[in-house]
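Per my numbering, the very first residue in the sequence shown carries number 150; after that it's consecutive. Cβ atoms here follow ideal geometry from the backbone N, Cα and C, with glycine treated the same way. Computed from a prediction, not measured in an experiment: that's the story for all the values here.
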Amino acid sequence: MTIPIQSSSAASQETRSTCCYCGVGCGVIIESQAGQITGVRGDPHHPANHGRLCSKGSTLHLTAAAHVQMQTRLLHPLFRKERGAALQPLDWGTALDTLATRLSATREEHGPDAIGIYVSGQLLTEDYYVFNKLAKGVLGTNNIDSNSRLCMSSAVAGYKSTLGADAPPACYEDIAHADTIVIAGSNLANAHPILMRRLEDVRNARPEQKLIVVDPRVSETAALADLHLQLLPGTDIALFNGLLHVLLWDGQVDTAFINEHTEGFAPLRERVRDCTPRETARITGLCQEDILCAAKWWGQSKSVLSLYCQGLNQSSSGTANNAALINLHLATGQIGRPGAGPLSLTGQPNAMGGREVGGMANLLSAHRDLASAQDRAEVAQFWGIPQVPARPGKTAVEMFEAAADGAIKLLWIVCTNPAHSMPNQNLVRAALQRAEYVVLQEAYANTATATYADLLLPAATWGEKEGTVTNSERRISRVRAAVLPVGQAKPDWQIAVDVAHRLGAAKLMPYTTPEQIWLEHRNSTRGRDLDITGMSWPMLDKAGPQQWPMPNGATSGRARLYTDGVFATPNGKAQFVDTAHQGVAEPRDARYPFSLNTGRLRDQWHGMSRTGNLGRLYGQTNEPQVLMHAQDMARLGIADGQLARLSTRRGEQILVANASATVAAMQVFAPMHWDINVLTLPTYCPKSKQPELKHSAVHIEPANLSWNLSALAWLPAHCALSVRHKLQELCKPLVYASCVPFGHEPDALGRLGLQLRLAHHEPAGAEVIDAIRTALGLSGTGLLQYQDRQRGQQRVLRIEQNHLLAFCLSGQFDDQEQLRSLLLSKQELQGNGRTLLLPGATPTQPRSPQICTCLNVSQAQIETVLPRISGTAAQRLAGLQGALGCGTQCGSCVPQLKLLIQTSPMAKH
Ligand SMILES: Nc1nc2c(c(=O)[nH]1)N[C@H]1C(S)=C(S)[C@@H](COP(=O)(O)OP(=O)(O)OC[C@H]3O[C@@H](n4cnc5c(=O)[nH]c(N)nc54)[C@H](O)[C@@H]3O)O[C@H]1N2
Ligand SMILES: Nc1nc2c(c(=O)[nH]1)N[C@H]1C(S)=C(S)[C@@H](COP(=O)(O)OP(=O)(O)OC[C@H]3O[C@@H](n4cnc5c(=O)[nH]c(N)nc54)[C@H](O)[C@@H]3O)O[C@H]1N2
Ligand code: SF4
Ligand SMILES: [Mo]
150 MTIPIQSSSA ASQETRSTCC YCGVGCGVII ESQAGQITGV RGDPHHPANH GRLCSKGSTL
210 HLTAAAHVQM QTRLLHPLFR KERGAALQPL DWGTALDTLA TRLSATREEH GPDAIGIYVS
270 GQLLTEDYYV FNKLAKGVLG TNNIDSNSRL CMSSAVAGYK STLGADAPPA CYEDIAHADT
330 IVIAGSNLAN AHPILMRRLE DVRNARPEQK LIVVDPRVSE TAALADLHLQ LLPGTDIALF
390 NGLLHVLLWD GQVDTAFINE HTEGFAPLRE RVRDCTPRET ARITGLCQED ILCAAKWWGQ
450 SKSVLSLYCQ GLNQSSSGTA NNAALINLHL ATGQIGRPGA GPLSLTGQPN AMGGREVGGM
510 ANLLSAHRDL ASAQDRAEVA QFWGIPQVPA RPGKTAVEMF EAAADGAIKL LWIVCTNPAH
570 SMPNQNLVRA ALQRAEYVVL QEAYANTATA TYADLLLPAA TWGEKEGTVT NSERRISRVR
630 AAVLPVGQAK PDWQIAVDVA HRLGAAKLMP YTTPEQIWLE HRNSTRGRDL DITGMSWPML
690 DKAGPQQWPM PNGATSGRAR LYTDGVFATP NGKAQFVDTA HQGVAEPRDA RYPFSLNTGR
750 LRDQWHGMSR TGNLGRLYGQ TNEPQVLMHA QDMARLGIAD GQLARLSTRR GEQILVANAS
810 ATVAAMQVFA PMHWDINVLT LPTYCPKSKQ PELKHSAVHI EPANLSWNLS ALAWLPAHCA
870 LSVRHKLQEL CKPLVYASCV PFGHEPDALG RLGLQLRLAH HEPAGAEVID AIRTALGLSG
930 TGLLQYQDRQ RGQQRVLRIE QNHLLAFCLS GQFDDQEQLR SLLLSKQELQ GNGRTLLLPG
990 ATPTQPRSPQ ICTCLNVSQA QIETVLPRIS GTAAQRLAGL QGALGCGTQC GSCVPQLKLL
1050 IQTSPMAKH
């Protein structure tokens, strides 16, 4: 089947590409007109999504709207004369010369290992390939690591230590074939929504399929499980070993498979001898019946598929967590067949591609190992250089530790935001400050890391770049440019090549197109487990995405690996790993009695540089938040929505506390999209060096801040995001400051909303408050104002044509809800609005979270309609969809709709 790559009519053009968010790797069709992206829809021919997109993918074009780009993108190179000085523009030639000179000087003075390059699983394979070659082949250092260290390195180490190669053996189709699906430490509903849609389809078609979810939290995914194993944090190995114990006891292991295709079972069998259901229940906090039930379903199913992600990976025993789950598959022969296997979900769109080209401190091209002299020699020969350095490179956490110690002098950060996403931020920020030269290659202008950069290089991004990515099921898709990069932005590979040329390495980097880079990468895979010598660039263009391996002569890629029972180890046998329960690195104690878990929201992406520019993507959660058990909040005297102070051994942060039945007592959950990594722990798994971002011990108390400010305003969309940035900078010194957009922008009047909430120990200075009011259109004439010195309150409103346009309350108040809902609803005011100035005006309902992003349907609306809809859960869902339209567009909110249906009774007649 030939799929047109690009089609155009006189007015508009369509370009096939790939979504730049998660590792599902959905195909998109980008619509553009006159060099501007105007729309996006799912590619019906793409095998990952068959035309569907989630709430993030389906709003990609809005993030590329001209007014958003102009206010948020990095448009040309910038530099700082000295630390703390303002950024100034410079031309590309000077920027590249400066960087090349700095690199050479650092290498000369301190040796190549004084340079650290920190890259990202969001780079395309070709970008990644060039950066890896630049570090290891040109600069002569292995100090190149990736944010994949925070994400997939435990999965890599888990696969290699058991199956022999870093290759997920199953594929998405297996979701449809499996009799039992085990989702462990993955919140599929939020983090891989289109796979969740596939799973929902299967559950509708085959209700007998069993779903087990292993998660300490009632995540959106766990809530839909047939069996939710709500274990204590960090006890997965105990659970998996306990399941193996029961399977052995019940004679449900596959002895023939173990004998023929594996090694190392005896010590593991010995290990799990004591892992009785009772002991397992004691460690995991689960009840024995649930453990026995899970073992029964696993043992009696023809096919078991497991899907897993950061709940297993981000752990000080991350590699062992992965191996313990893979052990179960090997012991029961649940691998290499349709519907069976351990399928690690990749987080970022191209974490897989990065692993393929060896873009980490311990890896080399085409799944080679830096520790192996033979692999190093092969790569050196392939590149035509005398040698690849043997000294191990520094992994992410080690790299920032070395910069904080002064050993690494120059940091080149590409397509990641370490001042947000690395654990133990106080150390990371000290490292960025101490490093002599920090280069940030970014698509967006205002990320947390930009504050520390001496040189900012503007990168082209989604919609503007050409290359390839590989998704979670080993499928390589083309990424295509629909428009030219904004401003002076350049593709990442191009920037690396330009610098290499200035370092005298033009011969090693002769590339002028991504295709040339991909061809070199392809050749490096010849004879390796990920051999793609049977693919070609025109084939990817004509026949669409392909799975690896696909060696020369093959007519298609392989959907499943190890179907013949031969594994990627030297003797072809898979290895059991003797995994022992270790628990979390920082257990709770009397001083830090809560366990802090972190993870993802459905509509936001990491540091929010892209998703955070759309008002509609804050509909679900619009403030830096921590979810707590209601009883814990009551005991600590924290009311719902109040600010709480969280502190760990490393730092403290103020967050809005919200009561939630999804977290167990003494456990709390904070979305990773806000600045919470001042709290988290850098301790890492000794094998994978992946840090334990999911668990730290935390103390919580009411924040008790006496001064507050709450402001909302409708602003012209062409300036609202710039105002937001200005406010964020202005309010940085305050202990709590949050400023986010709201609304389906731009509205009919071309406006976007901004919401500001501040809190501090003492009143902010008059000049700060004046600046805030000016930025929000609350200065000058035509305002309504009220000051109550006694109660320390100030209220300012702007009303135009009988509509509330903006308000700001400061001091002590607790009655902003009425103003809020008036402003959000754009209702016409009765009278002149003066009554709105009075404190304690009529209380109204608090804000109801938005559930459906596409159609802007709130939880309150759903809860009003639901009691009137009767029938089975499926009928009520259909009724709800019919009544309000929610969940009928991208479907990302369907898991939440199901939850609301579960908890909402039908009206009695
Ligand atoms: N919307 C959205 N989607 C994304 C991303 C995003 O930023 N936003 N990021 C992408 C990336 S890079 C990644 S890596 C993936 C991450 O995808 P996931 O790993 O699915 O997402 P998380 O929310 O980080 O964590 C998953 C779950 O692990 C659970 N967990 C915590 N501790 C434990 C434990 O000890 N054991 C077990 N079994 N579970 C535990 C958490 O409660 C959480 O529900 O998402 C990708 N998709
Ligand atoms: N507490 C806690 N912390 C975590 C996690 C957690 O679960 N809990 N998860 C960890 C995980 S799994 C991950 S993957 C990391 C993610 O952490 P980061 O990598 O820091 O996350 P992003 O915000 O996606 O950063 C990518 C940056 O690249 C920029 N960008 C986008 N496109 C391009 C491009 O084409 N070129 C260039 N040069 N730049 C571009 C974006 O603007 C963005 O700022 O966070 C980790 N941190
Ligand atoms: S599931 Fe959503 S975020 Fe992930 S690739 Fe598909 S559309 Fe993009
Ligand atoms: Mo990730």
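For R251, the enclosing alpha helix (DSSP H) covers residues W241 to H259. For V305, there is no enclosing beta strand (DSSP E); the residue is part of the alpha helix (DSSP H) that begins and ends at S302 to T311.
The Cβ-Cβ distance between V362 and T370 falls below 8 Å. Between the alpha carbons of H730 and L946 lies a gap of roughly 59 Å. For a cut-off of 8 Å, the C-beta gap from C957 to L987 is around 16 Å, too long to register as a contact. Between the alpha carbons of D385 and G467 lies a gap of roughly 10 Å. Taking a cut-off of 5 Å from the heavy atoms of ligand 3, the residues with a C-beta inside it are C168, Y170, C171, V173, C175, L202, C203, K205, G206, P342 and I343. By the Cβ criterion, the segment 559-572 is not in contact with the segment 301-318, since fewer than three pairs of Cβ atoms, one from each stretch, lie closer than 8 Å. H195 sits buried, since 16 or more C-beta atoms from the chains shown fall within 10 Å of its C-beta. With respect to the C-alpha of P700, the residue from S959, T712, N672 and R578 having the closest C-alpha is N672. Checking the 7 Å criterion, the Cβ of H755 is within range of a heavy atom belonging to ligand 1. Taking a contact as a CB-CB distance under 8 Å, the pair G496 and M301 counts as one, their CB atoms being some 7 Å apart. Buried is the label assigned to Q574, since at least 16 other Cβ atoms lie within 10 Å of its Cβ. The straight-line gap separating the alpha-carbon atoms of P882 and M219 is approximately 27 Å. For G496, the Cβ falls inside the 7 Å cut-off from some heavy atom of ligand 4.
The DSSP assignment places complete alpha helix (DSSP H) segments of no fewer than 4 residues inside the segment 442-493 at 459-462 and 467-480, in order along the chain.
With distances taken between CA atoms, I803 lies nearest to I825 out of I825, F389 and W863.
Remark: the shortest separation between the CB of V563 and any heavy atom of ligand 1 does not fall under 7 Å. For ligand 1, a non-hydrogen atom lies closer than 7 Å to the CB of K843. For W561, the enclosing beta strand (DSSP E) has its first and last residue at L559 to V563. In the DSSP annotation of this structure, E369 is not part of any alpha helix (DSSP H), being labelled neither H nor E.
With contacts defined as CB atoms closer than 8 Å, T274 and T619 qualify as a contacting pair.
With a cutoff of 8 Å on beta-carbon distance, P840 and R749 are scored as not near each other. The Cβ atoms of A708 and G683 do not sit closer than 8 Å to each other.
Counting every other CB atom within 10 Å of its CB across the protein chains shown gives K451 a total below 16, marking it as exposed. Contact between T433 and A472 is ruled out by a C-beta separation of about 18 Å, above the 8 Å threshold.
The continuous stretches of alpha helix (DSSP H) do not include W856, which lies in the beta strand (DSSP E) extending over residues W856 to P865. Boundaries for S207: no alpha helix (DSSP H) harbours it, and the DSSP string shows neither H nor E there. The C-alpha of C436 is placed about 41 Å away from the C-alpha of V577. Taken in chain order, no unbroken stretch of beta strand (DSSP E) lies wholly in the segment 699-730 with a span of 3 residues or more.
With contacts defined by Cβ atoms closer than 8 Å, C442 and L376 form a contacting pair. A Cβ-Cβ separation of about 7 Å places V177 in contact with G191 under the 8 Å criterion. For M815, no beta strand (DSSP E) segment is defined, and its DSSP state is neither H nor E. Straight through space, the alpha carbons of H516 and A852 are spaced by roughly 49 Å. For M777, no alpha helix (DSSP H) segment is defined; the enclosing uninterrupted segment is the beta strand (DSSP E) at Q774 to M777. For Q590, the enclosing beta strand (DSSP E) stretches over residues Y586 to E591.
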